[in-house]
Amino acid sequence: MAYSKMNDKMKVYKAHLLFTREPNRFEVMENGYIAVEDGRVKGVASSLAQLGCEGCPVVDFGDRLLIPAMNDMHVHAPQYRNLGLALDLELLPWLDNYTFPEESKFADTRYAERMYRRFVRDLWRQGTMRSVCFATTHLESTRLLMHLFQEAGMGAMVGKVNMNRNCPDALCETLEEAERGCEALVREFGDREGLVRPIVTPRFVPSCTSDMLRLCGDLARRYALPVQSHLSENKGEIEWVRELEPDSRSYGDAYNRYGLFGQMPTIMAHCVWTEGEELALMQRNGVMVAHCPTSNLNISSGMAPVRTFLEHGIRVGLGSDISGGHHLSIFRMMVYAIQVSKMHYQRNHAKPFLTLSEAFWIATKSAGSFFGRVGSFEPGYEFDALVIDDAELNHDHYALTERLERFIYIGDDRHIIHRFCRGREVEESKVSLENEKKRE
Ligand SMILES: [Zn+2]
Numbered sequence: 043m044a045y046s047k048m049n050d051k052m053k054v055y056k057a058h059l060l061f062t063r064e065p066n067r068f069e070v071m072e073n074g075y076i077a078v079e080d081g082r083v084k085g086v087a088s089s090l091a092q093l094g095c096e097g098c099p100v101v102d103f104g105d106r107l108l109i110p111a112m113n114d115m116h117v118h119a120p121q122y123r124n125l126g127l128a129l130d131l132e133l134l135p136w137l138d139n140y141t142f143p144e145e146s147k148f149a150d151t152r153y154a155e156r157m158y159r160r161f162v163r164d165l166w167r168q169g170t171m172r173s174v175c176f177a178t179t180h181l182e183s184t185r186l187l188m189h190l191f192q193e194a195g196m197g198a199m200v201g202k203v204n205m206n207r208n209c210p211d212a213l214c215e216t217l218e219e220a221e222r223g224c225e226a227l228v229r230e231f232g233d234r235e236g237l238v239r240p241i242v243t244p245r246f247v248p249s250c251t252s253d254m255l256r257l258c259g260d261l262a263r264r265y266a267l268p269v270q271s272h273l274s275e276n277k278g279e280i281e282w283v284r285e286l287e288p289d290s291r292s293y294g295d296a297y298n299r300y301g302l303f304g305q306m307p308t309i310m311a312h313c314v315w316t317e318g319e320e321l322a323l324m325q326r327n328g329v330m331v332a333h334c335p336t337s338n339l340n341i342s343s344g345m346a347p348v349r350t351f352l353e354h355g356i357r358v359g360l361g362s363d364i365s366g367g368h369h370l371s372i373f374r375m376m377v378y379a380i381q382v383s384k385m386h387y388q389r390n391h392a393k394p395f396l397t398l399s400e401a402f403w404i405a406t407k408s409a410g411s412f413f414g415r416v417g418s419f420e421p422g423y424e425f426d427a428l429v430i431d432d433a434e435l436n437h438d439h440y441a442l443t444e445r446l447e448r449f450i451y452i453g454d455d456r457h458i459i460h461r462f463c464r465g466r467e468v469e470e471s472k473v474s475l476e477n478e479k480k481r482e
């Protein structure tokens, strides 16, 4: 039966289930059943009887793979137009020449709507059902992005960016504007169970004065908000932070002093050059890493030591980091993360490279932990899932894990045929660019 007709409470899907409970292996259930109730996984089993769902209507996806949906843990929504462009500079000149001029355009909400609709649709296409986004300093276009996620039924933590130094006037804000902006978003999107939530977002230390960093830490604590920013991406940047915050023991400590380093749930992008005291501080404070391998390669930042993070029990997720990164697919990020880890391995055989199951676990269960219970098919997890039709890739009867590996390496969005977020299917009509015209 068509699953849209079934009652909202309990749904049962049948497919080949693949997910990771632990980093070192896939859970695989051929022709398995998964029961979903109130948006959460109730259980998985190889028969309806084992699931306690005898007689339940079943949506049968046949010979398709059902896997947890993707989470993009670091992405700049307003840089979407710059995708695949301007990757000939390192971080600091790249910001000045390409990124800040584009972000300045988001003062215009009509421009923002055009760009953000394309961004949300393409996240959907790539099977990314949750993201941790940077917007710009502009409150109205940030609200608009949050509404687009809400309308789509896709999860997101969205940051109205805070910055007040070393940036063009058009992107510079006062402390009062920063505080009012944050409070407006908390009023509108303050539901802690909401799919779309604000996240405190000082751009990075060089673009925030001490007063701004202090305010960001206060806002995070006052409204119990998560925090995101950038950390130790590039050597020039790290040197600059040392000059700007001379009393700090490390770049990470410059956030920590202002309550922006794990006092509330915190995710830091890159951490390419994190080591020593900064690494220990991340471990102690439970700060999570958004590993963005394509961005790190494109703007010559370096190779983040993911194996070292895992050895220290530091949580890691993957980020596309558009537009330092050039592709939105988190499946591609898994491949790049594995390749980068192989470069580390070449230099030091004591650091084993990432396996496929580790990369998958990082992208799903580990990343998803930033949103709550997301990224696995274990009981109680929110049902965020993708149905993969790999028929055209599966021409020689591969094993299920081999089919998943081949999809990750050589498949693309055309092979993703259904997408679910928190138990609901996110249909294409929710992200159609036609909706833009309806609004006009
Ligand atoms: Zn970034």
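Everything in the sequence shown is counted per the working numbering, starting at 43 for the first residue and increasing by one. All C-beta atoms, glycine included, are put in the ideal place defined by N, C-alpha and C. Here the structure is a predicted model, which is why all the values come from computation and not from measurement.
Nearest candidate by alpha-carbon position, reference residue i, set the options
i	options	result
threonine 62	Ala401, Gln381, His437, Asp438	Ala401
phenylalanine 425	Leu134, Thr243, Gly195	Gly195
glycine 201	Ser292, Ala119, Ser337, Tyr55	Ala119
glycine 465	Leu125, Arg207, Leu442, Phe419	Phe419
valine 247	Ile280, Leu186, Gly318, Glu434	Ile280
methionine 385	Asn298, Met71, Glu221, Pro347	Pro347
asparagine 39	Gly197, Leu190, Thr184	Look at the range of the chain in this structure, 43 to 482, and you will see that residue 39 is not part of it.
glutamate 182	Ser173, Arg163, Gln168, Tyr158	Tyr158
leucine 108	Tyr55, Ile309, Arg163	Tyr55
lysine 479	Gly97, Asn113, Arg152, Asp431	Arg152
glutamate 155	Leu187, Pro307, Tyr293, Ala405	Leu187
glutamate 476	Arg82, Phe148, Asp105, Arg163	Arg163
asparagine 206	Arg415, Met199, Ala220	Ala220
alanine 379	Leu398, His391, Gly366	Leu398
serine 89	Arg374, Leu435, Gly74, Gly417	Gly74
histidine 272	Ser252, Cys313, Gln305, Met324	Cys313
histidine 116	Glu218, Glu469, Met375	Met375
glutamate 447	Arg167, Lys53, Val70	Val70
leucine 261	Glu64, Gly301, Asp295	Gly301
glycine 223	Tyr265, Leu286, Ile356, Met52	Tyr265
glycine 85	Val269, Ala409, Ala405, Pro421	Pro421
Outcome for residue i when other beta-carbon atoms lying within 10 angstroms are tallied against a minimum of 16
i	result
leucine 127	exposed
histidine 457	buried
proline 240	buried
serine 342	exposed
leucine 60	buried
arginine 349	buried
asparagine 49	With a pLDDT of 47 at asparagine 49, under the threshold of 50, the predicted position of this residue should be treated as unreliable, though the coordinate-derived value follows. So asparagine 49 counts as exposed.
aspartate 114	buried
glutamine 92	exposed
threonine 363	According to the sequence provided, residue 363 is aspartate. The question's threonine does not apply to it. So aspartate 363 counts as buried.
isoleucine 76	buried
asparagine 66	exposed
histidine 354	exposed
proline 210	exposed
glycine 294	buried
Residue i beta carbon near ligand 1 (any heavy atom closer than 8 Å)
i	result
histidine 118	yes
serine 249	no
aspartate 114	no
glycine 294	no
aspartate 138	no
phenylalanine 148	no
phenylalanine 161	no
phenylalanine 142	no
glycine 366	yes
alanine 198	no
alanine 177	no
histidine 457	no
cysteine 463	no
alanine 311	yes
serine 252	no
histidine 460	no
serine 337	yes
cysteine 209	no
Identity of the residues DSSP links to residue i by a beta bridge
i	result
histidine 312	Leu273
lysine 56	Tyr75, Asp102
cysteine 175	Val117, Val200
phenylalanine 61	Glu69
phenylalanine 462	Ala427, Glu467
glycine 359	Ala332
leucine 107	His58, Ile430
Anticipated Cβ contact below 8 Å, residue i with residue j, distance rounded
i	j	result
leucine 165	leucine 370	6 Å
asparagine 276	leucine 129	Not a contact, Cβ separation roughly 14 Å.
glutamate 145	leucine 213	6 Å
threonine 308	serine 274	Wrong, their Cβ atoms sit about 14 Å apart, outside the cutoff.
methionine 199	arginine 461	Not confirmed; about 19 Å, so no contact.
phenylalanine 37	isoleucine 430	Since the first residue shown for the chain is 43 and the last is 482, residue 37 is missing from the structure and cannot be characterised.
methionine 310	valine 331	6 Å
glutamine 192	leucine 237	7 Å
Within-9 Å CB hit, residue i to chain B
i	result
asparagine 327	The structure shown contains no chain B, having only a single protein chain.
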